[in-house]
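Input: a single structure, listed below in structure tokens.
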Amino acid sequence: MITKIAIAEDNFLLAKSVQERLSFYDEFKIKFLSVNGKDLIEKLEKDPNVDLILMDIEMPKMNGIEATQFVKNRYPQIKILILTVFDNDANIFNAIKAGADGYLLKETSPQELKKSILEVLEGGAAMSPSIAFKTLKLLRNPQEFENRKCDEDIKLSTREIEVLEQLSRGLNYNIIAINLFLSPSTIRKHIENIYTKLQVHNKLEAIEKARTSRLI
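For the sequence shown, counting from 1, position 29 maps to 29 in this note's numbering; every step adds exactly one.
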């Protein structure tokens, strides 16, 4: 039996990488790729004949958690497996609350991805080991999660997180601009936005708060 899969991922190269990992297995067929949650929903409305969605979290227009909630309400038979680089507690909690059937990190191997897809299709809840551990901690210490939730609700874009990661390595604006294929003025603007969102005043405070909130 062929499993029809949709991929929701705004990074074209990452989407193609996932597609290539699944191409090893004849039992999987990629139905379509979507660049964000809104695009995914529009494609499902035209053809909802999909068994499973591999869903990224950070996407423009409609993120993966919002899309998961919408799809689960409209098409409850479709399984949703989160596939992301973000492993902070708020994303895990909100994805599960939205109805996700599993949560994997993008470093997952082709074999583990296949195993997880089959597990979800059979009614299981596939998770990367580190995600399963965090989920148990959330269940055991819900109050601790609530105390940290304000910090974890900080919304930084994927690009802002990339800039922060580069900053944390001690790189200057010009080097970051070269590494990310952006202009130095664009990097400065991203850093201004980061300071505003994190409510900090300098680079050291930004890096410290980002690490405390598990953004980097």
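Virtual Cβ for every residue (Gly too), placed ideally from N, Cα, C.
Measuring CA to CA, which of 205, 12, 9 and 24 is closest to residue 109? It is 24.
Quick check on DSSP: helix, strand or coil for residue 108? In the structure shown, residue 108 sits in coil (DSSP, three-state: anything other than H, G, I, E or B).
Please say whether residue 49 and residue 4 have beta carbons closer to each other than 8 Å? Cβ distance < 8 Å, so residue 4 and residue 49 count as in contact.
Spell out the partners DSSP gives residue 103 in its beta bridges. Answer by DSSP bridge pairing, in chain order: 82 and 127.
N-terminal and C-terminal residue of the alpha helix (DSSP H) that residue 181 is part of: Per DSSP, residue 181 belongs to no alpha helix (DSSP H) and is neither H nor E.
Which residue's Cα is closest to the Cα of residue 81: 20, 210 and 69? Comparing Cα-Cα distances from residue 81 to each of 20, 210 and 69, the minimum goes to 69.
Sequence-distant residues of the same chain with beta carbon closer than 6 Å to residue 200, five excluded per side: Within the same chain, residue 200 has close Cβ partners 206 and 209.
Could you pull the start and end residues of the beta strand (DSSP E) that residue 30 belongs to? Unbroken beta strand (DSSP E) run through residue 30: 28–34.
Assign residue 56 to buried or exposed, taking buried as 16 or more other Cβ atoms, counted over all protein chains shown, within 10 Å of its Cβ. Buried.
Element boundaries [alpha helix (DSSP H), containing residue 96]: DSSP places residue 96 in the uninterrupted alpha helix (DSSP H) bounded by 89–98.
According to DSSP, is residue 209 part of a helix, a strand, or is it coil? In the structure shown, residue 209 sits in a helix (DSSP, three-state: H, G or I).
Any idea which residues DSSP pairs residue 65 with across the strands? Under DSSP, residue 65 forms no beta bridge with any residue.
Please classify residue 79 as buried or exposed, where buried requires at least 16 other C-beta atoms within 10 Å of its C-beta. Result: buried.
Residues bridged to residue 55 (per DSSP): Answer is 8 and 82, bridged to residue 55.
Taking residue 193 as the reference, which of 175, 159 and 116 has the closest Cα? Looking at the Cα atoms, 159 is the closest of the given residues.
Do the CB positions of residue 54 and residue 85 come within less than 8 Å of each other? It is not a contact, given that the beta carbons lie outside the stated cut-off.
In terms of alpha-carbon separation, which member of 10, 140, 120 and 20 lies closest to residue 59? Nearest option by C-alpha distance: 10.
Kindly give me the distance between the Cβ atoms of residue 67 and residue 104, rounded to whole angstroms, as I take these residues to be in contact under 8 Å. At roughly 16 Å, the Cβ-Cβ gap does not stay under 8 Å, so residue 67 and residue 104 are not in contact.
For residue 2 and residue 29, which I take to be in contact (beta-carbon distance under 8 Å), what is that distance rounded to the nearest angstrom? At roughly 5 Å, the Cβ-Cβ gap stays under 8 Å, so residue 2 and residue 29 are in contact.
To the nearest angstrom, how far is it from the Cα of residue 120 to the Cα of residue 187? Whole-angstrom Cα-Cα distance: 41 Å.
Whose C-beta lies closer than 8 Å to the C-beta of residue 164 among residues of the same chain, with five residues either side of it excluded? Only 156, 194, 206, 207, 210, 215 and 216 meet the Cβ criterion.
Residue 180 and residue 203: beta carbons closer than 8 Å? For the pair residue 180 and residue 203, the CB atoms are not nearer than the 8 Å cut-off.
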